[in-house]
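Okay, structure first, notes after.
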Amino acid sequence: MNYVLDRIYADVESLAATEFGQPNPEVRRPPKESEAIYAVPCFQYAKEKNTNPIKLADGLSAKWNQGLQAGSLIERFEPARGYVNVFVKKKTLLARILKNLRDFGEDYGNYPEINKTIVVDYCSPNIAKPLSVGHLRSTIIGQALINILRARGYRVVGINFLGDWGTQFGKLLYAFEQWGNEKKLAEEPIQHLLELYVRFHKKAKINPALEDDARAAFKRLQQGGEKERALWQRFRGSSLEAFEKTVARLGVKFDHNWFESEFEERARELVDELLAKGIAEESEGAIIIRFKPLWPAESPEPPPAQPPLVIRKSDGTTLYPTRDLASALERIERFQPVHRLLYAVASEQTLYFSQLWNALEEMRKRGFFKHAKINQPGILKYIPFGMVSLPTGKISTREGRIVYLDELLDEAERRAQEIIKEKNPDMPKDARAQVARKVGIGAVIYADLSQDRIKDIVFDWSKMLAFEGNSAPYLQYAAVRCARILAKASPEDRKRLEEPKDADIPRMVAEIEEPESIELLMHLGRFPQAIAEAAERYAPHALASYLYDLAAALSRFYTEVPVLKAQTDAARLARLTLVEATGRVLRRGLALLGIETPEEM
RNA sequence: GCGCCUGUAGCUCAGACGGACAGAGCAUCGGAUUUCUAAUCCGACGGUCGUGGGUUCGAGUCCCUCCAGGCGCGCCA
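Residue numbering for the first sequence follows the working numbering, starting at 4 and increasing by one per position.
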């Protein structure tokens with residue numbers, strides 16, 4: 004069982020592939036105005052053959068038309084300005100889409116399982132600091148990618164790699180020794196740690212020697228100093244607790260919480276192994292990995308050599324990259340067969356991830372991975388995203404230039420409450436709070452996922468909390484309209500909807516006549532492709548954009564086509580079916596983005 | 001200094017892999033509701049796709065120059 008548009012696409016592609024003698028010929032969607040479903044451009048092949056593309060398209064159309072089987076969904080091929088346009092039997096196609104929608108049910112859009120595991124690193128905050136709006140992107144982009152890749156059929160493991168180690172904890176240890184307050188740490192741990200963190204940096208600016216004190220404190224922690232260990236446990240525990248509370252508001256659940264500190268030992272061993280294999284070397288007292296110029300692998304020109312990566316400081320301690328590398332190794336060993344290691348991390352780390360990529364490549368070549376299946380280059384896939392800054396400048400915890408994530412989510416819910424009060428004054432208070440949560444947080448998530456992840460974002464309240472136009476509430480509203488119509492349908496109609504028969508399908512198709520209805524159903528048919536595209540490009544915004552178009556199609560349909568008051572039984576059933584399917588796809592699509600849909604709003 | 005990213009309508013953004021006349025949202029103006037929730041719909045206005053070259057039958061998309069903004073560049077994470 005598969006999706007009808009995927010099939011047509013594959014058929015057209017294979018025709019063109021045979022004709023042009025290339026494995027992946029271009030098959031595209033024609034401009035909106037065209038009634039054609041797909042189009043094959045002939046320009047390139049015409050050039051190879053030294054012929055005119057218009058003539059070629061003419062010839063190909065005639066040839067392919069002759070070869071058409073009676074049972075084919077394709078109705079005809081038609082040349083147009085150097086393209087071969089593909090026309091399908093519209094009614095049959097609509098019937099097949101309806102059948103797909105019925106047969107797949109709640110699974111509509113999903114693809115069969117692929118025996119490949121993708122490990123996604125996302126969120127991964129430093130837990131010594133409160134979450135800011137800066138942490139939002141990794142978390143929601145990562146979660147959306149996980150959902151989308153799962154729908155696409157991959158086995159996906161999500162890992163939150165918590166930064167609970169490193170010199171920053173040395174800073175906190177030192178600061179607590181100097182200015183700490185036991186009572187405050189017990190009562191308001193996050194607040195207190197933040198104060199200490201800020202205070203440390205203020206003092207260190209005047210007296211840089213404090214940085215050495217911090218490094219020394221971290222070294223004592225690393226060597227198992229009892230006092231440091233106990234304090235660190237407390238910092239870590241209370242931070243984690245606060246952190247989990249905030250993330251839960253976004254509806255994010257991690258498959259695994261991995262702690263950086265747990266990789267300390269493995270990281271130390273790794274340095275020795277890398278030295279033994281000649282991958283790492285000593286330099287100025289530190290251990291580094293030098294890179295030959297080989298990134299990016301796809302580049303035809305050799306890029307300049309990269310700066311080396313320090314994996315052991317001259318004081319003998321490891322660094323974040325060392326522990327990250329150790330963790331990557333563990334991921335590969337534990338979740339094999341690993342197809343990809345994804346890292347949803349801000350774009351400022353581009354250089355670092357290219358170094359990590361190269362380091363893993365070098366390790367792969369020297370047999371570091373026990374499982375022989377890891378023989379393809381490029382297992383690491385970096386998913387960069389643009390920075391979030393404030394109108395006043397770069398986010399800085401140290402300098403108090405920060406919008407806390409909780410603060411943003413509170414404001415989102417508050418504004419949503421206000422709007423509900425205005426638009427739907429009859430809604431009871433407790434229902435309102437629930438709906439406001441879904442709408443407000445949804446708006447925040449959608450504001451981010453609806454644009455290309457690589458773009459920088461200047462934080463703006465009104466943009467993050469848009470409730471009209473291309474926004475989560477617009478999509479949710481469309482889904483709510485569907486739900487409300489269904490709720491008002493008669494019990495008999497609902498029963499027929501729940502138990503659709505094969506014989507109903509042709510009867511329904513006959514009733515789907517208005518351009519708004521046809522457009523809506525056609526768009527529903529493209530949902531699987533939208534998921535596939537978003538997965539292939541690691542681009543949640545491709546799915547967001549599809550869903551926006553679907554909601555717009557529903558709104559137009561809603562305005563023009565009466566459902567419950569349709570003239571005939573058959574028409575009512577057909578339209579109810581469209582409404583049910585649209586609601587289902589919107590809900591499902593939003594869920595893939597990590598956004599909940601309320602029943603009313 | 002070197003490297004990477006971004007630059008499309010007044011504002012915020014789609015236009016991946018070069019392809020049929022550059023599309024949305026917001027804002028502005030005008031219209032639509034005795035009818036399934038108007039957080040909606042329809043229409044108007046609005047763009048020499050940062051600049052200048054080049055490649056190509058064809059460039060917003062690829063290459064080079066320059067301009068503007070952002071980010072990064074051995075012992076932070």
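Where a beta carbon is used, it is the ideal one built from N, C-alpha and C, also for glycine.
Review point. Do the segment 388 to 399 and the segment 448 to 459 meet, that is, are 3 or more Cβ pairs less than 8 angstroms apart?
Key: yes
Exercise for review: Return the chain-ordered ranges of every alpha helix (DSSP H) run that is complete within the segment 517 to 559 and spans a minimum of 4 residues.
Suggested key: 518 to 528 and 530 to 539
Exercise for review: Please report the Cβ distance between residue 125 and residue 161, rounded to the nearest whole angstrom; I am assuming they are in contact, meaning their Cβ atoms lie under 8 angstroms.
Suggested key: 6 angstroms
Check your understanding: Are residue 92 and residue 78 touching if we call contact CB-CB under 8 angstroms?
Key -> yes
Check your understanding: Are there 16 or more other CB atoms within 10 angstroms of the CB of residue 299, so buried, or fewer, so exposed?
Key -> Low confidence applies here, because residue 299 scores a pLDDT of 44, under 50, leaving its location unreliable and the question unanswered by this model.
Check your understanding: Measuring CB to CB, does residue 167 end up less than 8 angstroms from residue 266?
Key -> no
Review point. Measuring CB to CB, does residue 486 end up less than 8 angstroms from residue 469?
Key: no
Review point. Among 201, 14 and 589, which has the Cα closest to the Cα of residue 131?
Key: 201
Review point. Going by DSSP, which residues form a beta bridge with residue 239?
Key: DSSP lists no partner for residue 239.
Review point. Start and end of the beta strand (DSSP E) containing residue 603?
Key: Segment: none, residue 603 is in no beta strand (DSSP E) and carries neither H nor E.
Check your understanding: Among residues of its own chain, excluding the 5 on either side of residue 203, which ones have a beta-carbon nearer than 8 angstroms to its beta-carbon?
Key -> 174, 175, 177, 178, 213 and 217
Check your understanding: Based on Cα-Cα distance, which residue from 332, 409 and 384 lies nearest to residue 373?
Key -> 332
Exercise for review: Return helix, strand or coil for residue 249, following the three-state DSSP convention.
Suggested key: helix
Exercise for review: Report yes if the C-beta distance between residue 520 and residue 564 is below 8 angstroms; otherwise report no.
Suggested key: yes
Review point. Name the DSSP bridge partner or partners of residue 615?
Key: Given that the chain is displayed from residue 4 to residue 604, the structure contains no residue 615 and the question cannot be resolved.
Exercise for review: Take residue 482 as the anchor and find which of 462, 40, 557 and 420 has the nearest alpha-carbon.
Suggested key: 557
Exercise for review: Measure the C-alpha to C-alpha separation of residue 116 and residue 591 and round it to an integer number of angstroms.
Suggested key: 18 angstroms
**Study point:** Anticipated Cβ contact below 8 angstroms, residue 207 with residue 273, distance rounded
**Key:** So it is not a contact: roughly 31 angstroms between Cβ atoms.
Review point. So what's residue 271 in DSSP terms, helix, strand or just coil?
Key: helix
Point to revise | Cβ neighbours of residue 20 in the same chain (closer than 7 angstroms, five flanking residues each side left out) | key: 26 and 28
Check your understanding: For residue 182, which three-state DSSP category applies?
Key -> helix
Review point. Within 10 angstroms of its Cβ, does residue 251 collect 16 or more other Cβ (buried), or is it exposed?
Key: exposed
Check your understanding: Are residue 525 and residue 101 close, meaning C-beta to C-beta below 8 angstroms?
Key -> no
Review point. Counting Cβ pairs closer than 8 angstroms, one from the segment 12 to 19 and one from the segment 36 to 50, do we hit at least three?
Key: yes
Practice item. Go ahead and label residue 417 buried or exposed: buried means 16 or more other beta carbons lie within 10 angstroms of its beta carbon, across all protein chains shown. Key: exposed
Point to revise | Alpha-carbon to alpha-carbon, residue 434 and residue 35 | key: 41 angstroms
Point to revise | Where the beta strand (DSSP E) containing residue 384 begins and where it ends | key: 383 to 388
**Study point:** For residue 292: DSSP bridge partner residues
**Key:** 283 and 312
Point to revise | Which of helix, strand or coil DSSP assigns to residue 347 | key: strand
**Study point:** Top-ranked residue by Cα proximity to residue 408, from 129, 477 and 139
**Key:** 139
Practice item. Ignore the nearest five residues each way along the sequence and tell me which others in residue 288's own chain have a CB closer than 8 angstroms to its CB. Key: 317
Review point. If you follow the alpha helix (DSSP H) that residue 201 is part of, which residue opens it and which one closes it?
Key: 192 to 209
Check your understanding: By Cβ distance below 7 angstroms, which residues in the same chain neighbour residue 69 in space, the five residues on each side in sequence not counted?
Key -> none
Check your understanding: What separation, rounded to the nearest whole angstrom, lies between the Cα atoms of residue 257 and residue 163?
Key -> 6 angstroms
Check your understanding: Since residue 397 sits in a beta bridge, which residues does DSSP pair it with?
Key -> 392
Check your understanding: Would you call residue 578 buried or exposed, if buried means 16 or more other Cβ atoms sit within 10 Å of its Cβ?
Key -> buried
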